[in-house]
Amino acid sequence: MQSTGSFPALIRTIRCRVKAKAAKYVCIFLVLVGALVQLYPVRSLNRCHVSLQGANVAVLMYGQARTLNRTHCSITEHIITPLLRASHKVHVFVHGELDGDSWQYHAYLEQLSQRGVRYQIDMRGLSGAAPQCSMALDEKYERRIGRVVKEGASYGAELLTRHKYRESVNSLRKKFEETEGIAFDAIILMRTDVVYTSSLPPLCVLDDNIVHAPPWQPYGGINDRFLVARSGPAVDHYLGLYTGLCDKGFVTRLPRRWWKGMNSERIYAWWMRQGGFQVETWLMKKFVFYRLRRSATLAESPDSDFGQHKGATIFNSKYNPSSVPWSSVLKNLTLCPPLSSN
Numbered sequence: 191m192q193s194t195g196s197f198p199a200l201i202r203t204i205r206c207r208v209k210a211k212a213a214k215y216v217c218i219f220l221v222l223v224g225a226l227v228q229l230y231p232v233r234s235l236n237r238c239h240v241s242l243q244g245a246n247v248a249v250l251m252y253g254q255a256r257t258l259n260r261t262h263c264s265i266t267e268h269i270i271t272p273l274l275r276a277s278h279k280v281h282v283f284v285h286g287e288l289d290g291d292s293w294q295y296h297a298y299l300e301q302l303s304q305r306g307v308r309y310q311i312d313m314r315g316l317s318g319a320a321p322q323c324s325m326a327l328d329e330k331y332e333r334r335i336g337r338v339v340k341e342g343a344s345y346g347a348e349l350l351t352r353h354k355y356r357e358s359v360n361s362l363r364k365k366f367e368e369t370e371g372i373a374f375d376a377i378i379l380m381r382t383d384v385v386y387t388s389s390l391p392p393l394c395v396l397d398d399n400i401v402h403a404p405p406w407q408p409y410g411g412i413n414d415r416f417l418v419a420r421s422g423p424a425v426d427h428y429l430g431l432y433t434g435l436c437d438k439g440f441v442t443r444l445p446r447r448w449w450k451g452m453n454s455e456r457i458y459a460w461w462m463r464q465g466g467f468q469v470e471t472w473l474m475k476k477f478v479f480y481r482l483r484r485s486a487t488l489a490e491s492p493d494s495d496f497g498q499h500k501g502a503t504i505f506n507s508k509y510n511p512s513s514v515p516w517s518s519v520l521k522n523l524t525l526c527p528p529l530s531s532n
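Count along the sequence shown from 1, then add 190; that gives the number in the working numbering.
Here you go:
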């Protein structure tokens, strides 16, 4: 009788323990979600209330021209033309490396000037990053990079040089604003060594404390290959990464990921968090492009699998929101005539 009488109590005890365990896991989940929100300053809520028309827009290009001779058609079609159609006043700023490919910048800017686009270009010889800063970054960067760079080469130095060019082209833009007495309503930071496959979405009146990046391939941080922002503190902080890391010593404060190391995307997410600025992804939710390396076809690109949606789900960094078939991307690239070197 005692055994029979204690059975309901046993059931109640088991149920209570199950509920307690479930509540524990829910709490752990909520804590993890909260931690991720704090760790990565990224939001994706659509908050476009007022569209921009006839605005002042700065387009920033930087570094080596590389494959601009083959990508310029996609830049014109998917970035410059949508801006001009919206009656925006477009000004292109270039701070590039003076090398055997730099003629491509001049040829392309001359082409754009015929469509009423103003530009300012500053080409310089290679100015390397501070050696101590490069070594400190190498120490904390992804371990796998050591297997793909040339022996004795520093990937940290290469990455910091890129950041230096970004900061320099932003300085050109800021000097122009001071001289002309204007502030750009939108600033677009873009790479010229990529093939753009979808048009830049209509621009909105933006908050100067927020920057906008594509949501795909964040690799634990934020996609660092394209940016849209309004002139103000957030974009200046984003583009001031080199000074922050090397001149202000933030490279020594970078978190250590002992098991793997940091990557560029995580560094940018961390850097924006240091300044208290937000990164949003809704504006360029479906804005997609693919890297094109010098002396290689797009089919040989590191983004080839991404372009073909291989191994992609909505839950991983391989997810590609573009609806443009890979075959169409390849075909359009072959139809782009080279720039004139005259």
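Even glycine gets a Cβ: it sits at the ideal position worked out from N, Cα and C.
Ala-376: which of His-402, Arg-420, Pro-391 sits nearest, CA to CA? For the residues His-402, Arg-420, Pro-391, the minimum Cα distance to Ala-376 belongs to Arg-420.
Does DSSP put Ile-457 in a helix, in a strand, or in coil? Ile-457 carries a helical assignment under DSSP once its states are collapsed to helix, strand and coil.
Once the 5 residues before and after His-285 are set aside, which same chain residues still bring their CB inside 7 Å of it? Same-chain partners within the cutoff: Tyr-252, Asp-312, Tyr-355, Ser-358, Val-359, Leu-362.
How many Å lie between Lys-330 and Leu-525 at the Cα? Straight-line measurement puts the Cα of Leu-525 at about 43 Å from the Cα of Lys-330.
For a test of your reading of the model: does the CB of Gln-407 fall under 7 Å from any non-hydrogen atom of the ligand ZN? Yes or no. As presented, the structure is devoid of all ligands, the ligand ZN included, so that no description of it is given.
Tell me the rounded alpha-carbon separation between Tyr-345 and Gln-322. CA-CA distance, Tyr-345 to Gln-322, rounds to 13 Å.
Just confirm the distance between the C-beta atoms of Leu-327 and Ser-454, as a whole number of angstroms; I'd bet it's less than 8 Å. No, Leu-327 and Ser-454 are not in contact; Cβ-Cβ is about 10 Å, not under 8 Å.
Which value, in whole angstroms, describes the spacing of the CA atoms of Pro-492 and Gly-371? In a straight line, the C-alpha of Pro-492 is about 42 Å away from that of Gly-371.
Close beta carbons around Val-514, own chain, < 7 Å, minus the five adjacent residues each side: For Val-514, where only same-chain residues beyond five positions count, the Cβ hits under 7 Å are Thr-387, Ser-388.
Where His-239 falls: helix, strand or coil (DSSP): Of the three classes helix, strand and coil, the one that applies to His-239 here is coil, per DSSP.
Residue range of the beta strand (DSSP E) that includes Arg-420: Taken as a continuous stretch (DSSP letters only), Arg-420 belongs to no beta strand (DSSP E), as it is neither H nor E.
Alpha carbon of Pro-405 to alpha carbon of His-262, nearest angstrom: Roughly 24 Å separates the two Cα atoms.
Closer than 8 Å is the cut-off here; do at least three beta carbon pairs connect the stretch 268-279 with the stretch 295-315? Verdict: yes, contact present.
When burial is assigned at 16 or more other CB atoms within 10 Å of the CB, is Leu-288 buried or exposed? Leu-288 is classed as exposed because its beta carbon has fewer than 16 other beta carbons within 10 Å across all chains shown.
Rounded separation between Ile-378 and Met-325 - CA only: Met-325 has its alpha-carbon roughly 31 Å from the corresponding atom of Ile-378.
How long is the line joining the alpha carbons of Arg-447 and Cys-436, rounded to whole angstroms? Rounded to whole angstroms, Arg-447 and Cys-436 show a C-alpha spacing of 20 Å.
Which whole-angstrom value is the C-beta distance of Gly-411 and Ala-459, which I expect to be below 8 Å? About 4 Å separates the beta carbons of Gly-411 and Ala-459, which is inside the 8 Å limit, making them a contact pair.
From Ala-533 to Arg-275, what does the alpha carbon distance come to, in whole angstroms? The structure shown does not extend to residue 533, since the chain spans only 191 to 532, so no value can be given for it.
For Ala-489, list the residues DSSP reports as bridge partners. Per DSSP, none; premise fails for Ala-489.
Cβ neighbours of Lys-500 in the same chain (closer than 8 Å, five flanking residues each side left out): Cβ neighbours of Lys-500 beyond the five flanking positions: Lys-508.
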